[in-house]
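Participant: From first to last, the protein sequence lines stand for chains D, E and H.
So for the first sequence, the UniProt record's numbering puts the first residue at 1; every next one is plus one.
So for the second sequence, the UniProt record's numbering puts the first residue at 1; every next one is plus one.
So for the third sequence, the UniProt record's numbering puts the first residue at 1; every next one is plus one.
Following this message is one structure expressed as structure tokens.
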Amino acid sequence: MNSVRNAAGTDANQAPADLRQVGSHPDHWYPLAWSQEVKRGRAFASSFAGEPIVIVRTEAGDLFALEDRCAHRQVPLSKGVVKDCHLHCCYHGWSYDSSGRCVDVPYLGKDKLPNGVRAYPCCELDGVVLVWPGRLLAKPPPTTLGAAADRAYKTRRFGQFVNCHYTFMHENLMDMNHQFLHRQTTGKVSPRYLGQRSGKGWMELDYSFRRPGERAPLGESMIVGSLRAPSAAPRDLMTIRTDYPHQSLRLWTSGEHPVLHVWLGYTPVDVQQRKNRTFIMLSVRRPKIPGLLELAWPFLAKFTDRVFDEDRAIVEMEQAAYDVQGGDWNQEVFPAIRDLRELLALHGVHNHT
Amino acid sequence: MNSVRNAAGTDANQAPADLRQVGSHPDHWYPLAWSQEVKRGRAFASSFAGEPIVIVRTEAGDLFALEDRCAHRQVPLSKGVVKDCHLHCCYHGWSYDSSGRCVDVPYLGKDKLPNGVRAYPCCELDGVVLVWPGRLLAKPPPTTLGAAADRAYKTRRFGQFVNCHYTFMHENLMDMNHQFLHRQTTGKVSPRYLGQRSGKGWMELDYSFRRPGERAPLGESMIVGSLRAPSAAPRDLMTIRTDYPHQSLRLWTSGEHPVLHVWLGYTPVDVQQRKNRTFIMLSVRRPKIPGLLELAWPFLAKFTDRVFDEDRAIVEMEQAAYDVQGGDWNQEVFPAIRDLRELLALHGVHNHT
Amino acid sequence: MNSVRNAAGTDANQAPADLRQVGSHPDHWYPLAWSQEVKRGRAFASSFAGEPIVIVRTEAGDLFALEDRCAHRQVPLSKGVVKDCHLHCCYHGWSYDSSGRCVDVPYLGKDKLPNGVRAYPCCELDGVVLVWPGRLLAKPPPTTLGAAADRAYKTRRFGQFVNCHYTFMHENLMDMNHQFLHRQTTGKVSPRYLGQRSGKGWMELDYSFRRPGERAPLGESMIVGSLRAPSAAPRDLMTIRTDYPHQSLRLWTSGEHPVLHVWLGYTPVDVQQRKNRTFIMLSVRRPKIPGLLELAWPFLAKFTDRVFDEDRAIVEMEQAAYDVQGGDWNQEVFPAIRDLRELLALHGVHNHT
């Protein structure tokens, strides 16, 4: 009798593969740059899981993405020169068009042009440049990321390079019991797990919160508290969702619209995928009093930076522990996180290096 | 005929193992922190040979030592919170008692508590926290370290992380012919080897010194010279001892009490044991004139720092040469050092990684 | 039928070995230091392909080169003390003469002296210390390097450590189509390949240049332009030569003497030879107006530094790409560079590590 291998590449009868060795699946749209990082007439260096990718914006405003190494001597094309609709390598001046075809070698006849480089599907959305690094035909890109396109919200774009496998990011956010980590930033909050839903490629968890006899710190009030009608019962509902490979967080205090809607993308940077670039779009619903949110914005930025820094520090410690231990020793007691790990393993790439 | 393997794990008929691959044996008491580094109500991160160890001092003053990683997600417990007699992990708030037992997971029933972490025997002595990292039942700790507890002496505690295998430290100190290294600090001194004694787990060497027609530098006079009766014949006796795994140095100028008594502990830090933390207790016998030693103390501190820095630089060069050469190419001509190497090989751990 | 292996160690029927794994052949004279780096009565640390080499200049001015590690405990002899014609190790004072023989161990009888260290043939020429790191009998050193000894030229000595395999240096210089790299420094220049010559261990290429309707930048005029008779037709001839393992570049504007004569040596530093120290002797023919070249010199130094920095940056990117890709993916379209690669492979050392 043959054992059957599932999509995750693991034998159904065997222990699952080490999740930290599972690559983020390339057949999705990934954020590779903020729109403002890619200036007109310039090339921007990025990467997906060790594949160097150059994003080009022509003077006319057109965007394209190519393998970021010259077919000649492998140096980064992102060091080159954008002219009209071509990218010229900085070294010997080989030129490429938006499809990656080599269209000129200055010292060679036009009839002898060498092979070019790979091109990637590329689009721009809500202030983010998305690239499809996979080999399959690109699906249509999403129409929006979180609430960034909704004028009822004000959106902050931030994030950093984080030295950990993207799966630590997913598990960190999904398990709201990690509020203890933010005890000095958000104050003492008791999350209560309410339940979960899931489908193909996604799952989401609901939590409510109780703040035992203590006032919320100013930063959090700015996002949540001040928007809550004083008469309403203090019931916060938070839904955290992994929609492979991205995540979102929505928080409702009352009414049908979330007061907070966060979209998070984690793009693996290096071949081992021990580093990711995190792109966060944090959208806060505008309160009725005009200008209030703008006033609070600098403070809110500082507050969200602090929370993110705490998360970044802890997931980097998780990665460091993994590296020292040479494997995943985690003892996960929360069933929803075990489900999340299964979802990530199922949709990822095994033996990706 | 079978060949017999000795305690060092080497075949009696074969060349001895590479000493720099021999681990420091964990079944001993090792210094892991200075007492003052472990504040009340705080946790202190240390390690032995790659095993992370957190030392906790409760507000009440009790001391305990645990494996420094949470059983849940492996992050350092030393980043956590000490409350009453428990250590709470900073991430999801799992709590441990002094035996390493997990006593609380805030979001889990008390009947479902997971496995805890390892605890280590731990004690405090003469301003040092000692830990027993081994698996055997801990022996009673030593009653004192050098002359640190003797009120006839004033003791300086210092040391640093040194990027070398602990065996280079032992060989450095034991071979007093390395005085040439300190020629600019201690002046030109000619050591003379007088003989050696040894027993189970220890050996010691005697040296006398001659300073050819030159005055001792001020720093050394402060320690030694000023205490010597002018009428006495200039005979210095130095005894250097390895009492596995620690070392000591005693210097007599006249009389039965050493004028200088130094205790040295070398605690391997990383798995490869290419880094050690050196703990030095340097005890100087108080001269008859009160206050003289206190006056000289800042100068003496600077002098001993300089000597230690010279030693640190050279043993780190030895380690660097070893790493480049990929093995021990030493050509040792001093029989006592060859004996020391045998002692260290015999009592260490082979295949420790 | 047996296949024949050529000097390069490759099968004539097979693809050639990876050129970046071919070591620079040690049986040649290599620059290891500038003369002024080796002071009287001092020792200077250098290396060839991972072999540490100490260059000693005695107070009397004599020069010798030894293996830079003490036979005793492997620490660098270059940290030691030069006295009379001996080098004393800084650690236990072992002493070596210019042949590498150990002539004294202060605490050992003269009849028991241990083995010494290796000595290297060493000479000084035109302000450079040359060493013969190979095992074969050293050939007579060259009589001069470029035009450095010719009083009709003024010579600038410069260079740096460059983090790449020496072969990238050869290919960079030989392929003048890389002028595009220097477009902001030297302006837009169109090189035209004229032809090549070659012999045993050497090859050279000729180029002419055209500057399309643009004035040469000031820096280049200082070297070339100002020396050209205004009446002469603007014909520049450049010859670039690899004379294994070194290179040279000569530029003629008119007349029989080159206006520019550059000699370049690339000494591999580490075992993997992914780092080289580049020694450049840039000789500019003195113009008829006395003092003009001296006036221009600081400007010329800055200009040549900038050009060299651009080259250094790009070859380091080539090495970085090689390291990431784990092999040589280059797609070389210029036949002369393919010939150069063959020459370098043929004269190098295979399996050098």
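Where a beta carbon is used, it is the ideal one built from N, C-alpha and C, also for glycine.
The model shown is predicted, which means the values in this text are computed figures rather than measured ones.
#1: Can the beta-carbon of G127 (chain D) be found closer than 7 Å to that of R157 (chain D)?
#2: By the three-class DSSP mapping on this structure, what secondary structure does H28 (chain D) have?
#3: Let me know the beta strand (DSSP E) ranges lying completely inside the region 89-156 of chain H, each 3 residues or longer, listed in chain order.
#4: Give, in chain order, every residue of the region 83-98 of chain H whose Cβ lies closer than 7 Å to some Cβ of chain E.
#5: Counting only beta-carbon separations shorter than 7 Å, does A71 (chain H) have a partner in chain E?
#6: What residues from the region 268-280 of chain E come within 7 Å of chain D, judged by C-beta to C-beta, listed N to C?
#7: Quick one: residues in its chain with C-beta nearer than 8 Å to the C-beta of V315 (chain E), no 5 flanking neighbours on either side, listed in chain order?
#8: Is the closest heavy atom of the ligand NAD to the C-beta of N163 (chain E) under 6 Å?
#9: Express the C-alpha separation of C85 (chain D) and E59 (chain D) in angstroms, rounding to a whole number.
#10: Hey, how far is the Cα of S283 (chain E) from the Cα of S190 (chain E)?
#11: Whole-angstrom Cβ separation of F65 (chain E) and I53 (chain E), contact assumed at under 8 Å?
#12: Do you know offhand how far T242 (chain D)'s Cα is from M281 (chain D)'s?
#13: If I follow the unbroken alpha helix (DSSP H) through I240 (chain H), where does it start and stop?
#14: Buried or exposed: which applies to D175 (chain D), given that a residue is buried once 16 or more other Cβ atoms fall within 10 Å of its Cβ?
#15: So, does the CB of Y107 (chain H) fall closer than 7 Å to a CB anywhere in chain E?
#16: Is there a C-beta anywhere in chain E that falls below 7 Å from the one on V75 (chain H)?
#17: Is any beta-carbon of chain D found at less than 7 Å from that of P121 (chain E)?
#18: Which same chain residues end up closer than 8 Å to G49 (chain D) when comparing Cβ atoms and leaving out the 5 residues on each side of it in sequence?
#19: From this set, D:P287, D:K154, D:S78, which residue's C-alpha is nearest K39 (chain D)'s C-alpha?
#20: Over what stretch of residues does the alpha helix (DSSP H) that includes K302 (chain D) continue unbroken?
#21: So, are the CB atoms of E310 (chain D) and L108 (chain D) less than 7 Å apart?
#22: A345 (chain H) by DSSP, collapsed to three states: which one?
#23: Under 7 Å, do A345 (chain D) and Q74 (chain E) count as touching if we go by C-beta distance?
#24: Tell me whether P76 (chain E) sits in a helix, a strand or coil according to DSSP, three-state version.
#25: In chain order, which alpha helix (DSSP H) runs of at least 4 residues are fully inside the region 156-182 of chain H?
#26: Looking only at its own chain, which residues have a Cβ that is under 6 Å from the Cβ of T185 (chain H), when we skip the five neighbours before and after it?
#27: DSSP on R210 (chain E), reduced to helix/strand/coil?
#28: For R57 (chain H), which of helix, strand or coil comes out of DSSP?
#29: Which bits of chain H does P114 (chain D) rub up against, with CB to CB less than 9 Å?
#30: Contact between the region 243-261 of chain E and the region 195-204 of chain E is defined here as three or more beta-carbon pairs at a separation below 8 Å; is this criterion met?
#31: Which residues in the same chain have their Cβ closer than 7 Å to the Cβ of A7 (chain E), if we skip the five residues on either side of it in sequence?
#32: Strictly below 7 Å CB to CB, what residues from chain E border Q325 (chain D)?
#33: Can you have a look at L136 (chain E) and say buried or exposed, based on whether 16 or more other CB atoms are within 10 angstroms of its CB?
#34: If you drop the 5 nearest sequence neighbours on each side, which residues of the same chain put their C-beta closer than 8 Å to that of A229 (chain H)?
#35: Does the distance from the C-beta atom of W263 (chain H) to that of G146 (chain H) stay below 7 Å?
Facilitator: So, from the listed chains and residues:
#1: By one-based count along the first sequence, residue 127 (chain D) stands at place 127. By one-based count along the first sequence, residue 157 (chain D) stands at place 157. Yes, the Cβ-Cβ distance between G127 (chain D) and R157 (chain D) is below 7 Å.
#2: Translated into positions along the first sequence, residue 28 (chain D) becomes position 28. Coil.
#3: 102-104, 122-125, 128-131
#4: C90, Y91, H92, G93
#5: Sequence index remark: in the third sequence, residue 71 (chain H) carries index 71 (1-based). With 7 Å as the cut-off, A71 (chain H) counts as an interface residue toward chain E.
#6: none
#7: As a position in the second sequence, residue 315 (chain E) is number 315, starting the count at 1. Same-chain partners within the cutoff: V162, C164, F168, M169, N172.
#8: By its list of ligands, the structure shown contains no ligand whatsoever, and the ligand NAD lies outside what it can speak to.
#9: What you label residue 59 (chain D) is simply residue 59 of the first sequence in a count that begins at 1. What you label residue 85 (chain D) is simply residue 85 of the first sequence in a count that begins at 1. Going by the C-alpha atoms only, they are around 8 Å apart.
#10: Translated into the one-based positions of the second sequence, residue 283 (chain E) becomes position 283. Translated into the one-based positions of the second sequence, residue 190 (chain E) becomes position 190. Straight-line Cα distance between these residues: approximately 24 Å.
#11: Stepping through the second sequence from its first residue, residue 65 (chain E) is reached at position 65. Stepping through the second sequence from its first residue, residue 53 (chain E) is reached at position 53. Correcting the residue identity first, residue 65 (chain E) is Ala in this sequence and not Phe. Indeed, because the Cβ distance is near 6 Å, the residues count as touching under 8 Å.
#12: Start at 1 with the first residue of the first sequence, and residue 242 (chain D) comes out as number 242. Start at 1 with the first residue of the first sequence, and residue 281 (chain D) comes out as number 281. Distance between the alpha carbons of T242 (chain D) and M281 (chain D) is about 15 Å.
#13: For the purposes of this step, residue 240 (chain H) is identified with residue 240 of the third sequence, where counting begins at 1. Where I240 (chain H) is concerned, there is no enclosing alpha helix (DSSP H), although the beta strand (DSSP E) it sits in stretches over 237-243.
#14: For the purposes of this step, residue 175 (chain D) is identified with residue 175 of the first sequence, where counting begins at 1. By the neighbour-count rule (16 or more Cβ atoms within 10 Å), D175 (chain D) is buried.
#15: For the purposes of this step, residue 107 (chain H) is taken as the residue at position 107 of the third sequence. Cβ-Cβ to chain E under 7 Å: yes for Y107 (chain H).
#16: For this step, residue 75 (chain H) is matched to residue 75 along the third sequence. Chain E contact via Cβ: present.
#17: If you number the second sequence from 1, residue 121 (chain E) lands on position 121. Judged by the 7 Å Cβ criterion, P121 (chain E) is not in contact with chain D.
#18: Taking the first sequence and counting its residues from 1, one reaches residue 49 (chain D) at position 49. One detail in the question is off: residue 49 (chain D) reads as Ala in this sequence, not Gly. The answer, listed in chain order, is G23, S24, P26, P133, P268, V269, D270, V271, Q273, H352.
#19: Counted from its first residue, the first sequence places residue 39 (chain D) at position 39. That would be D:S78, whose Cα lies nearest to the Cα of K39 (chain D).
#20: Counting from 1 along the first sequence, the entry for residue 302 (chain D) is found at position 302. That run of the alpha helix (DSSP H) goes 292-325.
#21: Residue numbering aside, residue 310 (chain D) sits at position 310 when the first sequence is read from its first letter. Residue numbering aside, residue 108 (chain D) sits at position 108 when the first sequence is read from its first letter. No, these two residues do not count as a Cβ contact at 7 Å.
#22: Reading the third sequence from its first residue, position 345 is the one you call residue 345 (chain H). In the structure shown, A345 (chain H) sits in a helix (DSSP, three-state: H, G or I).
#23: One-based indexing of the first sequence puts residue 345 (chain D) at position 345. One-based indexing of the second sequence puts residue 74 (chain E) at position 74. No.
#24: The residue given as residue 76 (chain E) occupies position 76 in the second sequence. In this structure, P76 (chain E) counts as coil in the three-state DSSP scheme.
#25: 166-174
#26: On the third sequence, position 185 is the one that residue 185 (chain H) refers to. Same-chain partners within the cutoff: R306, V307.
#27: Taking the first residue of the second sequence as position 1, residue 210 (chain E) is located at position 210. Reduced to three states, the DSSP call for R210 (chain E) is strand.
#28: Sequence index remark: in the third sequence, residue 57 (chain H) carries index 57 (1-based). The answer is strand: DSSP assigns R57 (chain H) an E or B state.
#29: Looking up residue 114 (chain D) in the first sequence gives position 114. Result: Q331, V333.
#30: yes
#31: For the purposes of this step, residue 7 (chain E) is taken as the residue at position 7 of the second sequence. Its pLDDT being 40, under 50, A7 (chain E) is placed unreliably by the model, and the measurement read from it follows with that caveat. Excluding residues within five positions, the ones whose Cβ falls inside 7 Å are L346.
#32: Here the question's residue 325 (chain D) lines up with position 325 in the first sequence. The contacting residues are Q74.
#33: The sequence position of residue 136 (chain E) within the second sequence is 136, counting from 1. The residue in question, L136 (chain E), is exposed, as its Cβ has fewer than 16 Cβ neighbours within 10 Å.
#34: Here the question's residue 229 (chain H) lines up with position 229 in the third sequence. Residue confidence for A229 (chain H) is low, a pLDDT of 42 falling below 50, so the modelled location carries little weight; the figure read from the coordinates is stated next. So the qualifying residues of the chain are S254.
#35: Numbered from 1 along the third sequence, position 263 holds the residue referred to as residue 263 (chain H). Numbered from 1 along the third sequence, position 146 holds the residue referred to as residue 146 (chain H). Yes, the pair counts as a contact, with Cβ atoms nearer than the cut-off.
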